[in-house]
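Colleague:
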Amino acid sequence: MATPGRFVLKKFPLQCGVVLPEVEVVYQIYGELNSGSGAERSAKCTNVILYPTSYGAQHTDVDWLVRLGGILDPSRWCVVMVNMFGNGLSASPSNCPAVAKPGVYFTHYDNVRAQLALIESLGIEQLALVYGWSMGAQQGYHWGALYPDRVQRLAALCGTAKTTDHNKLFLYSLRAALTSDPAWNGERFEATPDRGFHTFTQIYASWAASQAYYRAKPYLAWGYASLEDYISRAWEAGYRQRDPHNLLAMIDTWLRCDLGDNPVYQGDYNRAMASITAKTLVMPATTDLYFTPEDCEAEAALMPNAEYRPIPSIWGHRAGNPYQNPEDEEFIRGAIAELLG
20 MATPGRFVLK
30 KFPLQCGVVL
40 PEVEVVYQIY
50 GELNSGSGAE
60 RSAKCTNVIL
70 YPTSYGAQHT
80 DVDWLVRLGG
90 ILDPSRWCVV
100 MVNMFGNGLS
110 ASPSNCPAVA
120 KPGVYFTHYD
130 NVRAQLALIE
140 SLGIEQLALV
150 YGWSMGAQQG
160 YHWGALYPDR
170 VQRLAALCGT
180 AKTTDHNKLF
190 LYSLRAALTS
200 DPAWNGERFE
210 ATPDRGFHTF
220 TQIYASWAAS
230 QAYYRAKPYL
240 AWGYASLEDY
250 ISRAWEAGYR
260 QRDPHNLLAM
270 IDTWLRCDLG
280 DNPVYQGDYN
290 RAMASITAKT
300 LVMPATTDLY
310 FTPEDCEAEA
320 ALMPNAEYRP
330 IPSIWGHRAG
340 NPYQNPEDEE
350 FIRGAIAELL
360 G
């Protein structure tokens, strides 16, 4: 695979009011760009799918579904996976000193404006699809509302355009788990927050999969000896690979997710939702505990061209990233194939 691309923006203004002297967006391209021919060329259509990353993930964590016969097939589509701000590859507290300062935070308005500049630098004018899971779905909604003329289709898996109050309580608990560690000095971690990581993981694992998932214990078939072994090796070990400052930064972005809260819509969330004209699939999991099917269905009703198609799954939020989960993968693959036509 080719080396990830690095796109640099100079003097990039954040929604929080800070202007960053330089900000980097890291991305990976799978497949080849097709500029179209005939009527397609005149309409400036392409075969590009934009795939923004989700909470805690980098592109290599979620690109497993970009493969021949996969949910996103690079033999037909050119998939641009873009790392959102705060994830440790694109500009983040861990790699950009200006971002690590108090009072600096990213929003999805920032993410999507930077992503627009990126695709323009690649010569891409339109997106055949924006595909996003979780925080990636949040970014997808922002694409659909802020740049409706650029987005033909939108697939929003297990995510909402506005973070609900109940979801915020989940996020507050994650932030409290990390910052209650003795290594936190009120602004930064002075050492690895061992206790914080452990508590953070316990909370996250209990919300990201459903009660039915834990009753079924699928992880025992993957070589884990017990629930505790599974949480330690599959969950905590993964999050320990992330800088805790980055985890907090992404929580701040998630908390601030509100499609109407930007200079374009000036607080009018309903108008922002109605502005999404792309053919849209809203795909929550039936057992998601924090991006609930009820919240996603309510948002689908606010968009003129949206179809609500929940994923029937016991996997909870994780159904939207169906690694080791062939049944849900097949359901999503079929829905996306239908959406793309």
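Using our numbering, the first residue of the sequence shown is number 20, and each one after it goes up by one.
Built from N, CA and C at the ideal position, the CB exists for glycine as well.
Just so we're clear, the structure is a prediction, and the values are computed from it rather than from any experiment.
Counting contacts by CB-CB distance shorter than 8 Å, is LYS187 in contact with chain D?
Modeller: Judged by its chain identifiers, the structure shown contains no chain D, having just a single protein chain.
Colleague: Between the segment 278–287 and the segment 328–335, do at least 3 Cβ pairs fall closer than 8 Å?
Modeller: These segments do not touch.
Colleague: Rank ASP287, GLU313, LEU28 by C-alpha distance to the C-alpha of ASN186 and give the top, closest one.
Modeller: Out of ASP287, GLU313, LEU28, GLU313 has the C-alpha closest to the C-alpha of ASN186.
Colleague: Can you tell me which of VAL85, GLY89, VAL67 puts its alpha carbon nearest to the alpha carbon of VAL350?
Modeller: Correcting the residue type first, residue 350 is Phe in the shown sequence and not Val. Comparing Cα positions, the closest option is GLY89.
Colleague: With a cut-off of 8 Å, do at least 3 Cβ pairs link the segment 125–133 to the segment 149–168?
Modeller: Judged by Cβ distances under 8 Å, the segment 125–133 makes contact with the segment 149–168, as three or more pairs qualify.
Colleague: Mark GLN162 as exposed unless 16 or more other C-beta atoms lie within 10 angstroms of its C-beta, in which case mark it buried.
Modeller: Before going on, a small fix: residue 162 reads as Trp here, not Gln. Buried, by the Cβ-count rule.
Colleague: Take ASN53 and list the residues in its own chain whose beta-carbon comes closer than 8 Å to its own, dropping the five residues that flank it on each side.
Modeller: Correct list, in chain order: THR65, ASN66, CYS97.
Colleague: Assuming SER192 and TYR74 make a contact with CB atoms under 8 Å, what is their CB distance in whole Å?
Modeller: About 14 Å separates the two Cβ atoms, so there is no contact after all.
Colleague: Identify the continuous alpha helix (DSSP H) that holds TRP152 and give its terminal residues.
Modeller: Element bounds for TRP152: not the alpha helix (DSSP H) but the beta strand (DSSP E), 148–152.
Colleague: Buried or exposed for TYR238, please, with buried defined as at least 16 other CB atoms from any protein chain shown within 10 angstroms of its CB.
Modeller: Its Cβ being crowded by 16 or more others within 10 Å, TYR238 is buried.
Colleague: For the segment 287–298 against the segment 321–329, do three or more pairs of beta-carbon atoms, one drawn from each stretch, fall closer than 8 Å, so that the two count as touching?
Modeller: At 8 Å Cβ cutoff, the stretches touch.
Colleague: Looking only at its own chain, which residues have a Cβ that is under 7 Å from the Cβ of ASP92, when we skip the five neighbours before and after it?
Modeller: Hits under 7 Å: none found.
Colleague: Going by DSSP, which residues form a beta bridge with PHE31?
Modeller: PHE31 is bridged to LEU39.
Colleague: Tell me, to the nearest whole angstrom, how far the beta carbon of GLU318 is from that of MET292; I am working on the premise that it is less than 8 Å.
Modeller: Confirmed, Cβ separation roughly 6 Å.
Colleague: In this structure, how does DSSP classify GLN47 when only helix, strand and coil are distinguished?
Modeller: Strand, per DSSP.
Colleague: Near THR126, which residues of its chain fall below 7 Å by C-beta distance, leaving aside the five closest residues on each side in sequence?
Modeller: Taken in chain order, the residues that qualify are GLN34, THR272, ARG275.
Colleague: If we call anything under 8 Å between Cβ atoms a contact, is TYR160 one with MET100?
Modeller: It is not a contact, given that the beta carbons lie outside the stated cut-off.
Colleague: Thinking GLU41 and LYS29 are a contact (beta carbons under 8 Å), I'd like their distance in whole angstroms, please.
Modeller: Indeed, because the Cβ distance is near 6 Å, the residues count as touching under 8 Å.
Colleague: Less than 8 Å between the beta carbons of ASN340 and VAL81, yes or no?
Modeller: Yes. Within cutoff.
Colleague: Compute the distance between the beta-carbons of ILE68 and ALA147, then report whether it is under 8 Å.
Modeller: In contact: ILE68 and ALA147 (Cβ atoms closer than 8 Å).
Colleague: Starting from ASP277, follow its DSSP beta bridges and name the residues at the other end.
Modeller: Per DSSP, LYS181.
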